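Here's the structure we're looking at; comments come further down.
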Amino acid sequence: MAGSHHISRRDFIKITTAAVGTVIGAAIGLPAIAFLIDPALKAGKADAWMPLGKLVDFEVGKPTLATFTRSKVNGWEKSVNSYGVFVLRTSDTETLVLSNKCTHLGCHVNWNVDKQEYICPCHDAQFGINGDVLGGPPPRPLDRFSGDQVKVEDGTLLIHFLEG
Amino acid sequence: MWNKLFAWLDERLALNDLYKATLDRPEPKGNWWNTLGSASLFLFLLQGATGIFLSVYYTPSPDHAYDSIQYIMNGVAFGWLIRGIHHWGASVMVLVVFIHMLRVFVTASYKYPRELTWMIGVGLLLCTLGMGFTGYLLPWNQKAYWATTVGTAIAGSVPWIGSFILKALRGGPDLSALTLSRFFAAHIWVLPAVLAGLIGVHLFLIIKHGESEFPGKDE
Ligand code: HEM
Ligand code: FES
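Line by line, the protein sequences are chains A and B. Using the numbering used here, you'd call the opening residue of the first sequence number 1 and step up by one each time. Using the numbering used here, you'd call the opening residue of the second sequence number 165 and step up by one each time.
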């Protein structure tokens, strides 16, 4: 033993055990981390042009709710979610499309005809007819579909929808 | 600093004594056959870890069990690896536990004072087989379904109480959602808990009695 070896039998065993243990741990542990966080790394975004209806059917000056559904595959299961937007024709040529999703925590806002405001049922936020915050906790106005996110084809109003 | 911290913990937890009892206990002349118990323990822990990971995606319902496993295999990063380890580890564990038992038998290590260690070992073997039996059903594919139909029917052939055992195992006269969920509960809760408890006593007894000498020629 003495002379040729600088490492004791015990230490050799300890080091080998630690090394093999680390290799096995990493070989299982690292893939396991990828396995666990996998859903968070999936893109999952699919955009589409959603038809909201004939433009002429929306009354000028009155916010009208248009709803549509989108289906989505989550793992081994397919779920169908419904979404809504408020369409307001401000004039014969101009249209404003607002998401009905409250910018506070995501509840669905309703148009209140008497008050001429959008009211969120969750924490009582109020938005004006153009989507600006009039009161309550929301940090920003209702999301708008504008510019190249909106188009009219054959008289049908479409929005470019990114969620779902 | 670390030495002080260690000394503080050691004084209260007896870490050094634990280390000596578990990893630094005297062994009779080293023999590879004596490593099989530790190999069984490692496989038990490996099956536990990979099983916990699988349960993140697996769904124990007849509607989703099969699809959730397809998803693990094709849709989740390294799902094939985690499931593969759990799948092959199950067979390897049965094999290793069995050979461990054979070595204990061949070296006659079950004799005084180790009879209880052996009896608890019998429980460990049965639980290990039970893990294999209940786990086999979980993918809810044709092979799983019919293997369990046959396996539970065999248990049902016991005289007098056979039909009771069959219904208790299946959760009714036929294989159904109830069978799947009770097998799942047994597979992830009941049997692992019993195994862990029995392993604890098994290891305690091994530490208490020390390892048996290999039988040799009398001098
Ligand atoms: C999950 C299954 C099991 C685990 C984790 C396990 C673990 C262990 C460990 C770590 C040892 C130390 C010595 C060695 O490795 O040989 C041991 C010894 C022993 N095992 Fe097991 N064992 C299992 C199953 C069994 C079975 C099925 C039997 C017999 C029916 C059994 C009977 C014994 C006996 C009698 C000893 C003492 C051997 C001696 O002192 O030489 N064990 N076991
Ligand atoms: S979610 Fe609308 S006010 Fe809180």
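Where a beta carbon is used, it is the ideal one built from N, C-alpha and C, also for glycine. Keep in mind it's a predicted model, so treat the numbers as computed, not measured.
By the DSSP assignment, the beta strand (DSSP E) with residue 54 of chain A in it spans what residues? Looking at the DSSP string, the run of the beta strand (DSSP E) that includes residue 54 of chain A is 48-54.
*Output yes or no for whether 8 Å exceeds the beta carbon distance between residue 208 of chain B and residue 257 of chain B.*
Result yes, Cβ atoms of residue 208 of chain B and residue 257 of chain B sit closer than 8 Å.
(request) Check whether the Cβ atoms of residue 288 of chain B and residue 362 of chain B sit closer than 8 Å, and answer yes or no. (result) In contact: residue 288 of chain B and residue 362 of chain B (Cβ atoms closer than 8 Å).
**Request:** Could you tell me which chain A residues have their CB closer than 7 Å to the CB of residue 245 of chain B, listed as they occur along the chain?
**Result:** Annotation: Cβ neighbours of residue 245 of chain B in chain A (cutoff 7 Å, chain order): 31.
Margin query: What I want to know is whether the C-beta of residue 350 of chain B ends up closer than 7 Å to one or more non-hydrogen atoms of the ligand ZN.
Written below: The ligand content of the structure shown is limited to the ligand HEM and the ligand FES, which means the ligand ZN is not among them.
Margin query: I'd like to know whether the C-beta of residue 38 of chain A is nearer than 8 Å to at least one C-beta of chain B.
Written below: Any Cβ of chain B closer than 8 Å to the Cβ of residue 38 of chain A would place that residue at the interface, and such an atom is present.
Any idea which residues DSSP pairs residue 101 of chain A with across the strands?
According to DSSP, residue pairing for residue 101 of chain A in a beta bridge involves A/108.
I need the straight-line Cα distance from residue 23 of chain A to residue 191 of chain B, nearest angstrom please. Cα to Cα, residue 23 of chain A sits roughly 27 Å from residue 191 of chain B.
> Using a C-beta cutoff of 8 Å, does residue 75 of chain A count as contacting chain B?
Replying inline: For residue 75 of chain A, the answer is yes, since a Cβ of chain B falls inside 8 Å of its Cβ.
Could you tell me the distance, in whole angstroms, from the CA atom of residue 82 of chain A to the CA atom of residue 159 of chain A?
The straight-line gap from Cα to Cα measures roughly 15 Å.
**Study point:** Own chain partners of residue 370 of chain B with C-beta closer than 7 Å, once the 5 adjacent residues on each side are dropped
**Key:** Around residue 370 of chain B: 281.
Using a C-beta cutoff of 8 Å, does residue 13 of chain A count as contacting chain B?
Not closer than 8 Å to any Cβ of chain B, the Cβ of residue 13 of chain A fails to qualify, so no.
Among the candidates B/236, B/210 and B/233, whose CA atom is the shortest distance from the CA of residue 252 of chain B? Selected option, being the one with the closest Cα: B/210.
task: Return the residues of the stretch 221-245 of chain B that lie within a Cβ-Cβ distance of less than 8 Å from chain A, sorted by chain order.
output: Taken in chain order, the members of the stretch 221-245 of chain B whose beta-carbon sits within less than 8 Å of a beta-carbon on chain A are 221, 223, 228, 231, 232, 234, 235, 239, 240, 241, 242, 243 and 245.
6 Å Cβ shell around residue 345 of chain B - same chain, five flanking residues per side excluded:
Taken in chain order, the residues that qualify are 224.
Is residue 282 of chain B near the ligand HEM - that is, is its Cβ less than 7 Å away from at least one heavy atom of it? The answer is yes for residue 282 of chain B.
Against residue 249 of chain B, what residues of chain A qualify as contacts under a CB-to-CB distance less than 8 Å, listed in chain order?
Chain order gives the chain A residues near residue 249 of chain B as 28, where near means a beta carbon separation below 8 Å.
Which value, in whole angstroms, describes the spacing of the CA atoms of residue 321 of chain B and residue 330 of chain B? If I take the Cα positions, the gap works out to 8 Å.
Item checked: residue 208 of chain B: CB within 7 Å of a non-hydrogen atom of the ligand HEM -> For the ligand HEM, at least one heavy atom lies less than 7 Å from the Cβ of residue 208 of chain B.
Kindly list the residues whose CB is nearer than 6 Å to the CB of residue 80 of chain A, restricted to its own chain and excluding five residues on each side of it in sequence; keep chain order.
Around residue 80 of chain A, the same chain offers 69 and 71 as residues with beta carbons nearer than 6 Å, after the five sequence neighbours per side are excluded.
Using only alpha-carbon positions, find the residue among B/290, B/293, B/276 and B/340 that is nearest to residue 305 of chain B.
Relative to the Cα of residue 305 of chain B, the nearest Cα in the group B/290, B/293, B/276 and B/340 belongs to B/340.
task = To the nearest angstrom, report how far apart residue 247 of chain B and residue 96 of chain A are at their CA atoms.
result = The C-alpha of residue 96 of chain A is placed about 51 Å away from the C-alpha of residue 247 of chain B.
Proximal residues of chain B, C-beta to C-beta of residue 18 of chain A below 8 Å:
Per Cβ cutoff of 8 Å: no residues; residue 18 of chain A is ~12 Å from chain B at best.
Can you pull the chain B residues whose beta carbon is under 7 Å from the beta carbon of residue 34 of chain A, in chain order?
Around residue 34 of chain A, the beta-carbon contacts reaching into chain B at under 7 Å are 241 and 242.
Review point. How many Å lie between residue 355 of chain B and residue 333 of chain B at the Cα?
Key: Whole-angstrom Cα-Cα distance: 14 Å.
CB contact check: residue 1 of chain A to chain B, cutoff 8 Å: Caution is warranted here: a pLDDT of 47 is assigned to residue 1 of chain A, below 50, making its placement in the model unreliable, and no coordinate value can be reported.
| Alpha carbon to alpha carbon, how far is residue 167 of chain B from residue 350 of chain B? | About 45 Å.
Please determine, among A/147, A/130, A/148 and A/73, the residue with the shortest C-alpha to C-alpha distance to residue 140 of chain A.
-> With distances taken between Cα atoms, residue 140 of chain A lies closest to A/130.
Taking residue 134 of chain A as the reference, which of A/146, A/119 and A/148 has the closest Cα? The option with the nearest alpha carbon to residue 134 of chain A is A/119.
Query - Span of the alpha helix (DSSP H) around residue 77 of chain A - result: Counting along the chain, residue 77 of chain A sits inside no alpha helix (DSSP H); it lies in the beta strand (DSSP E) bounded by residues 77-89.
*Taking just the CA atoms, how far does residue 359 of chain B sit from residue 309 of chain B?*
Taking the CA atoms as reference points, residue 309 of chain B sits about 25 Å from residue 359 of chain B.
Residue 16 of chain A versus residue 276 of chain B - alpha carbon distance: Taking the straight line joining both Cα atoms gives about 36 Å.
DSSP bridge partner residues for residue 159 of chain A (one or two, in chain order) = DSSP lists A/50 and A/150 as the beta-bridge partner residues of residue 159 of chain A.
Q) Cα-Cα, which of B/221, B/231, B/189 and B/245 is closest to residue 376 of chain B? A) Nearest option by C-alpha distance: B/189.
(message) For residue 90 of chain A and residue 56 of chain A, I'd like the C-alpha separation in whole angstroms.
(response) Computed Cα separation, rounded: 13 Å.
Might you give, ordered along the chain, the residues of its own chain that have their beta carbon closer than 8 Å to the beta carbon of residue 221 of chain B, omitting 5 neighbours on each side? Within the same chain, 232, 235, 236, 240 and 243 come within 8 Å of residue 221 of chain B by CB-CB distance, once the 5 residues on both sides are set aside.
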